[in-house]
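These notes are about the structure you will find just below.
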Amino acid sequence: KQEVTQIPAALSVPEGENLVLNCSFTDSAIYNLQWFRQDPGKGLTSLLLIQSSQREQTSGRLNASLDKSSGRSTLYIAASQPGDSATYLCAVSRLYNFNKFYFGSGTKLNVKP
Amino acid sequence: GAGVSQSPSNKVTEKGKDVELRCDPISGHTALYWYRQSLGQGLEFLIYFQGNSAPDKSGLPSDRFSAERTGGSVSTLTIQRTQQEDSAVYLCASSFIRGGGNTIYFGEGSWLTVV
């Protein structure tokens, strides 16, 4: 069974800091990994998708890396802003059932002005 | 439509009553998912539909839960004889399968409170 863990559960940083969110998974036979953002009372918004053959993806101030062999992914946020405050979730899909996603419980980020 | 649409956005129901939650996926998306998120928790997989294939129901927590997808588009999640532990946000998502990746798009959820 695939288990996804996110550490830390919550993070508070001052505006302008660079930060890293961590995601680990137990089964390295993944199809892809996605990072999502969830604002309070809202659904999830996909930020980045990394296919199993890739090592990283970048979008603006966000960079996500993937190390399948160690079962880890990181989401790097550069020059954080108060508007980045949200819960960030990672999800993996399995190699032989790629439509079933396993989610971590998220990291709640607070960027203080 | 422009995004995944869910209704109702909020539902308060009495314990023991049945509820129906509706999801209208993005047009052309062949895969549809239902997840549940309890307060402060991660997402719990419930069920997914892919085209005309038999749905993967492995995440449904009990036989009080059922879902159907009519005409390969709109889906309804039904919870019978609701219990207080059913209180959660029910999130629907859809995706279009393409080579190499399948970004999923979520609706804003149906917030269910059982009193």
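Chains as they are written, first to last, in my numbering: chain S, 1 to 113; chain A, 1001 to 1115. We treat Cβ as the ideally placed atom computed from N, Cα and C, and that holds for glycine.
Inset, instruction - Taking 8 Å as the cut-off, decide whether the C-beta atoms of glutamine 1006 of chain A and alanine 1031 of chain A are in contact. - result: no
Inset, instruction - Using three-state DSSP, classify proline 14 of chain S as helix, strand or coil. - result: strand
Legend entry - C-alpha gap between alanine 1002 of chain A and isoleucine 1026 of chain A, whole angstroms: A direct Cα-Cα distance of roughly 7 Å separates alanine 1002 of chain A from isoleucine 1026 of chain A.
Legend entry - Helix, strand or coil at aspartate 39 of chain S according to DSSP, with G and I counted as helix: coil
Inset, instruction - Decide if glycine 18 of chain S is buried, meaning its Cβ has at least 16 other Cβ atoms within 10 Å, or exposed. - result: Note that residue 18 of chain S corresponds to asparagine in the displayed sequence, not to glycine. Exposed is the call here.
Inset, instruction - Under 8 Å between beta-carbons, which chain S residues line up against threonine 1103 of chain A? List them in chain order, please. - result: Gln34, Ser46 and Leu49
Inset, instruction - Can you give me, in chain order, the residues of the region 1021 to 1052 of chain A that have a beta carbon less than 9 Å from any beta carbon in chain B? - result: This model lacks chain B altogether, as its protein chains are S and A.
Legend entry - Buried or exposed by the 16-neighbour rule on C-beta atoms within 10 Å, applied to threonine 58 of chain S: exposed
Inset, instruction - Please list the partners that phenylalanine 1106 of chain A has in chain S, where partner means a Cβ-to-Cβ separation under 7 Å. - result: Here the neighbours are Gly43 and Leu44.
Inset, instruction - Take cysteine 23 of chain S and list the residues in its own chain whose beta-carbon comes closer than 6 Å to its own, dropping the five residues that flank it on each side. - result: Result list for cysteine 23 of chain S: Gln6, Ser73, Cys90 and Gly104, in chain order.
Inset, instruction - Could you name the residues of the same chain whose beta carbon sits closer than 8 Å to that of glycine 106 of chain S, not counting the 5 residues immediately before and after it, in chain order? - result: Gln6, Ala9, Gln38, Thr87, Tyr88 and Leu89
Legend entry - N-terminal and C-terminal residue of the beta strand (DSSP E) that glutamate 56 of chain S is part of: 56 to 59
Legend entry - Element boundaries [beta strand (DSSP E), containing leucine 1032 of chain A]: 1031 to 1037
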